[in-house]
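Okay, structure first, notes after.
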Amino acid sequence: MSNFTRRDLLRSGISSGLALSASSLLARSAWARAEAVLADTALPAILPREKLLFDFDWKFQFGNSVDPAKDLGFGVDQGDFAKTGEFAFAKVKFDDSKWRDLNLPHDWAVELPFVHDHVQMSHGYKPVGRRYPESSIGWYRRTFDIPARDAGRRISIDFDGVFRDVLLWVNGCFMGRNDNGYAPFHFDLTDFLAIGARNCITIRVDASFGDGWFYEGAGIYRHVWLTKTDPVHLDRFESYARTAVSGGTCTVSAATVVRNAGAKPTDAGVTWKILDTAGKTVATAEAVQQSIAPDGSATFTGTAKIANPSLWSVDSPNLYSAIVTVESAGKVVDAEQFSFGVRTAVFDPEKGFSLNDKSMKIQGTCNHQDHAGVGASLPDRLQHFRLAVLKEMGCNAVRTSHNMPTPEWVEACDRMGVLMMCETRQMSSNPEGLAQLASMVKRYRNSPSIILWSVGNEEGQMQTEMAEQGAKVGAQMVRLCHELDPTRPVSAAVNGDNAKGVSEAFDITGFNYNLAFPDEYHKKNPRRAIYGSETSSAIATRGVYSTDPLRNTVNAYDGVVPWGETAEEWWKFYGTREWAAGGFAWTGFDYRGEPTPYGWPSINSQFGIVDMCGFPKDTFYYYKAWWGQGPEKEPVLHLFPHWNWEGREGEPIKIWAYSNLDEIELFVNGASAGSQKVPHLGHVEWNVKYAAGLIEARGSKDGKVVLSDKRETTGSPASIRLTVDPVDARNEINADGEDIAILRVEALDKEGRPVPTAGNVIGFKVSGEGKLIGVGNGDPNCQESDKDPKRSLFNGLAQVIIQSTKEPGEIHIEAVKEGWEGVELTPAKLIIKTRRVELRPQVL
Ligand code: GAL
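Counting from 748, one number per residue, gives the positions in the sequence shown under the working numbering.
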């Protein structure tokens, strides 16, 4: 079913019924483990290559896509591109003193007000696109020194991803363009830089066109790097290590490409050093010397052996790293370091998925890339935070729907032990489509977390009317993946029966929704492994227990859109068939845009198992109960809704519990409301009349009560509580201008109990060595600013993201009541310390 058809259906069919929030604290284990690994893998810069972070101290101004006079005069007359070096706005001396100062990553779309314009629905009602010329072009400028010692080096600028169309100039000279929102790109600036002098980079970013049907942001929303190398250097994304274990020994087959950008032929040799997680050298390899012609390149290969390798797995994400060194004319001219893992990942048509020969189900979620407060421009720490939230419910895999991910999301998966289905944006064998695919595969083929390449999502034409062409396009894309990486299967997320078109070429078959197809397909295609590439599309508004089209809310009792399946339905399907590898639920996090099941004033989707901030909805605990973590599944018992139903005394309230225990007994104000056996992969429910007080669920295993969960009627809000989010749990962060503290804001009643229905507006005063970079509350219908220092609580919760400066010290945050209501709330204060750290190598 196409997305357009679905949008028409949005207001029609939401199934099921009622209620509550659940803010039980998430355990810290996943994060703590990641923290330890992160500390181990912090690497020093390797000279003579310098990879400098180029994020700080940029200038920004809006342009205009139809009026050249408001677009720095760009395009006023015919001659802009007539002569090299004459773009005045791209020279050092151009006056940008009135432009705004900002640091990257930057997403200007999240800063814009919402517009009530149906056409902008996909983009979360942000005014970005051809019909909004004044907010769709952004100009960025940065001046910087190139010291005299850089004479003779190759210098390039590398972008991890910009939304969307880029024109770039250096010192008044046009360098080139890039026309997609997710793939990395670079420009070699060497010939145009002034050595021992000030230089200027100017970038025009045009977000008029989109790549998707979801919120995509606008601007330079991922990191930028300035890379300096010797003329003889390692080529971009060419170094890789493939592993094969036999008889307790791992053979590492390493390869790379060395480029000679110098004017003379040169000899070059390459060596590899393999380090274990502790940084100890465990193996080495050497390639035969070769001569490389000027402007030429050569491929080098080598083999190393690791005895008794520590395998990478979701429980023990052991990473090795390789240092690749190039020597030319007797000296080291370049080196780089990348991490890789030793593991096998097999999709079997009969036995499903196995990692290191151990069978396991893929318990996955699909995710877009934006977050509350910051849109598409996430500080690195947020990637780890988001993954820790998902891990906490037992999610062991993510799909990067529907685009090439940012490197930090992949690194987080490598380090925290989460599998990944890595998806490219454009399904096409045209040059742009193949180029996007090639950069994705080359960039990430060393990442052990990636078990599967996806060449696209729901390409109706390529599956039906244009099936013949689709088969060719698919075959070409699969061939390219196999050539660049013969170790991983290739697939795509297909909404249909997978009978023809692109599907013909795939190694394994993914089904989006449509649970009627896989059984039949399995019988007819006994050699194809099968998984759910996209499932569920269940919907819920966090902490809300009634579906109300006037308020755009969806109750928490596992409701679903007409084309989807509830959490219970899809997991009972994929979780119980031995041949099925598992699947990926749509979605882990709520995301801006595609505001399903309602349109305006909803500005984000309600598909998330957690909301835009990462606060769990009730279904989170369904997954936690049945996905669990580790060999011994943790006992889980989660009761909902909340018990604040003033005015509904005597009315029946639907009560549910998610649990993996044997039996649950419910007590309402001390009296038993009955005991129920928990069905496998199901839930238990009661209907009870409301009376203020306490509901309690007691869960037993083997006849013994082992866990209980309660909901208590609270009083009204009396004070504010401000804490660090328990998933991140750090009161001290790095003073590097990048690290963040993720704060949780709540309202407590007089007795100190969180009020699950609180909606008070809270203001934030931030002083000292940090600044507020975003706020959110997970309400899909909230059109308050993501950037103002205030936010209303949504069902008792809000989130504030604070970023450090580069000066060590303290950040003081005060939360005070802002709303007009008569009630007073005791304010709260929090101090975050920032510690001195060595800054990443960066452009000053
Ligand atoms: C799928 C699509 C997703 C999202 C989802 C909503 O068909 O792949 O991007 O639109 O539907 O249910």
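Virtual Cβ for every residue (Gly too), placed ideally from N, Cα, C. All values reported here derive from a predicted model rather than from experimental measurement.
| field | Short Cβ contact (8 Å threshold) for K1580 with N1481 | value | Position 833 of the sequence shown, counting from 1, holds the residue named residue 1580. Position 734 of the sequence shown, counting from 1, holds the residue named residue 1481. Not closer than 8 Å, so no.
| By a C-beta neighbour count over all protein chains shown, 10 Å radius and 16 as the cutoff for buried, is G1450 buried or exposed? | By 1-based counting over the sequence shown, the position of residue 1450 is 703. By the 10 Å Cβ count, G1450 comes out exposed.
| said: Can you tell me where the alpha helix (DSSP H) holding M1224 begins and where it ends? | reply: For the purposes of this step, residue 1224 is taken as residue 477 along the sequence shown, with counting starting at 1. Its alpha helix (DSSP H) spans residues A1214 to L1231.
| said: Going by beta-carbon coordinates alone, are G1141 and Y962 separated by less than 8 Å? | reply: Sequence index remark: in the sequence shown, residue 1141 carries index 394 (1-based). Sequence index remark: in the sequence shown, residue 962 carries index 215 (1-based). Their beta carbons are not under 8 Å apart, which means G1141 does not touch Y962 by this criterion.
| Exposed unless 16 or more other CB atoms sit within 10 angstroms - verdict on V1590 | What you label residue 1590 is simply residue 843 of the sequence shown in a count that begins at 1. With 16 or more other Cβ atoms within 10 Å, it is buried.
| task | Work out the CA separation of G1499 and K1457 for me, nearest whole Å. | result | Position 710 of the sequence shown, counted from the start, is the residue given in the question as residue 1457. Position 752 of the sequence shown, counted from the start, is the residue given in the question as residue 1499. If I take the Cα positions, the gap works out to 15 Å.
| query | Are the stretch 897-907 and the stretch 972-991 in contact at 8 Å, needing three or more beta carbon pairs? | reply | yes
| field | Per-residue DSSP class, three states only, for W1059 | value | As a working mapping, residue 1059 is identified with position 312 in the sequence shown. Reduced to three states, the DSSP call for W1059 is strand.
| query | At which residues does the beta strand (DSSP E) containing L1181 begin and terminate? | reply | Translated into positions along the sequence shown, residue 1181 becomes position 434. Not the beta strand (DSSP E): L1181 falls in the alpha helix (DSSP H), residues P1178 to Y1191.
| task | Please classify L1297: is it buried, with 16 or more other beta-carbons within 10 angstroms of its beta-carbon, or exposed? | result | Numbered from 1 along the sequence shown, position 550 holds the residue referred to as residue 1297. Under this definition L1297 is an exposed residue.
| Roughly how many angstroms separate the alpha carbons of E1493 and H1269, rounded to a whole number? | As a working note, residue 1493 is residue 746 in the sequence shown. As a working note, residue 1269 is residue 522 in the sequence shown. Whole-angstrom Cα-Cα distance: 49 Å.
| field | For Q1423, the first and last residue of its enclosing beta strand (DSSP E) | value | Position 676 of the sequence shown, counted from the start, is the residue given in the question as residue 1423. Residues A1418 to K1424.
| message | Which of the three DSSP states is assigned to M1168 in this structure? | response | As a first step, residue 1168 is located in the sequence shown; it is residue number 421 there, counting from the start. M1168 falls in the strand class under three-state DSSP.
| DSSP state of P1265 mapped onto helix, strand, coil | Numbered from its first residue, the sequence shown carries residue 1265 at position 518. P1265: helix per DSSP, three-state reduction.
| Mapping DSSP to helix, strand and coil, what is D814? | As a position in the sequence shown, residue 814 is number 67, starting the count at 1. In the displayed model, D814 falls within coil according to three-state DSSP, outside both helix and strand.
| L1586 to Y1260 span [Cα, whole Å] | For this step, residue 1586 is matched to residue 839 along the sequence shown. For this step, residue 1260 is matched to residue 513 along the sequence shown. CA-CA distance, L1586 to Y1260, rounds to 46 Å.
| request: With DSSP as the reference, label L1577 as helix, strand or coil. | output: Within the sequence shown, numbered from 1, the residue matching residue 1577 stands at position 830. DSSP places L1577 in the strand class (E or B) of the three-state scheme.
| task | Return the bridge partner residues of G847 from the DSSP annotation. | result | By one-based count along the sequence shown, residue 847 stands at place 100. For the record, residue 847 in the displayed sequence is Arg; it is not Gly. The partner list for R847 (beta bridge, DSSP) reads F807.
| message | According to DSSP, is C1160 part of a helix, a strand, or is it coil? | response | As a first step, residue 1160 must be located in the sequence shown, where it is residue number 413. Helix.
| query | Which runs of the beta strand (DSSP E) fall wholly inside the stretch 1445-1512 and span at least 3 residues, in chain order? | reply | 1451-1459, 1466-1471, 1479-1481 and 1487-1495
| request: Just grab the DSSP bridge partners of K1020 for me. | output: Your numbering for residue 1020 matches position 273 in the sequence shown. For K1020, which the question treats as bridged, DSSP gives the partners T1031 and I1070.
| So the alpha helix (DSSP H) Y1321 belongs to, where does it begin and stop? | Taking the sequence shown and counting its residues from 1, the one referred to as residue 1321 is at position 574. Start and end: A1314 to Y1321.
| said: Is there a C-beta anywhere in chain D that falls below 8 Å from the one on F807? | reply: This model lacks chain D altogether; it includes just one protein chain.
| field | Residue closest to G1340, alpha-carbon to alpha-carbon, out of D848, G826 and F861 | value | In the sequence shown, residue 1340 corresponds to position 593, counting from 1. Of the listed residues, the one whose Cα sits closest to G1340 is F861.
| Cβ of V1308 within 7 Å of any heavy atom in the ligand GAL? | Within the sequence shown, residue 1308 is the residue found at index 561, counting from 1. V1308: yes, Cβ under 7 Å from the ligand GAL.
| message | So, does the stretch 1012-1026 touch the stretch 1229-1245, judging by three or more C-beta pairs under 8 Å? | response | no
| Which of helix, strand or coil DSSP assigns to T721 | Here the chain has residues from 748 to 1591 only, and residue 721 is not among them.
| message | With distance defined between alpha-carbon atoms, name the residue in A1439, I1400 and R1445 nearest to S1419. | response | One-based indexing of the sequence shown puts residue 1419 at position 672. Minimum Cα distance to S1419 is reached at R1445.
| query | How many Å lie between S1124 and F1336 at the Cα? | reply | What you label residue 1124 is simply residue 377 of the sequence shown in a count that begins at 1. What you label residue 1336 is simply residue 589 of the sequence shown in a count that begins at 1. If you take the alpha carbons of S1124 and F1336, they lie about 16 Å apart.
| Residues bridged to S1075 [DSSP beta-bridge criterion] | Position 328 of the sequence shown, counted from the start, is the residue given in the question as residue 1075. DSSP lists K1078 as partners of S1075.
| query | Where F934 and D982 are concerned, what is the direct C-alpha to C-alpha distance, given to the nearest angstrom? | reply | What you label residue 934 is simply residue 187 of the sequence shown in a count that begins at 1. What you label residue 982 is simply residue 235 of the sequence shown in a count that begins at 1. F934 and D982 have their C-alpha atoms roughly 13 Å apart.
| Under a three-way DSSP split, which group does F1100 fall into? | The residue you call residue 1100 lines up with position 353 of the sequence shown. The answer is strand: DSSP assigns F1100 an E or B state.
| request: Might you give, ordered along the chain, the residues of its own chain that have their beta carbon closer than 7 Å to the beta carbon of W1059, omitting 5 neighbours on each side? | output: The residue you call residue 1059 lines up with position 312 of the sequence shown. Closer than 7 Å at the Cβ level, and outside the excluded window around W1059, lie N1065, L1066, G1088, V1089, R1090 and P1195.
| request: Could you check the C-alpha separation between N1434 and K1380 for me, to the nearest Å? | output: In the sequence shown, residue 1434 corresponds to position 687, counting from 1. In the sequence shown, residue 1380 corresponds to position 633, counting from 1. Cα-Cα distance, rounded: 29 Å.
| task | Measure the alpha-carbon distance for A1040 versus V1513 and round it to whole angstroms. | result | By one-based count along the sequence shown, residue 1040 stands at place 293. By one-based count along the sequence shown, residue 1513 stands at place 766. Each residue's alpha carbon lies about 58 Å from the other.
| field | Alpha-carbon to alpha-carbon, A1092 and P1273 | value | Stepping through the sequence shown from its first residue, residue 1273 is reached at position 526. Stepping through the sequence shown from its first residue, residue 1092 is reached at position 345. The straight-line gap from Cα to Cα measures roughly 19 Å.
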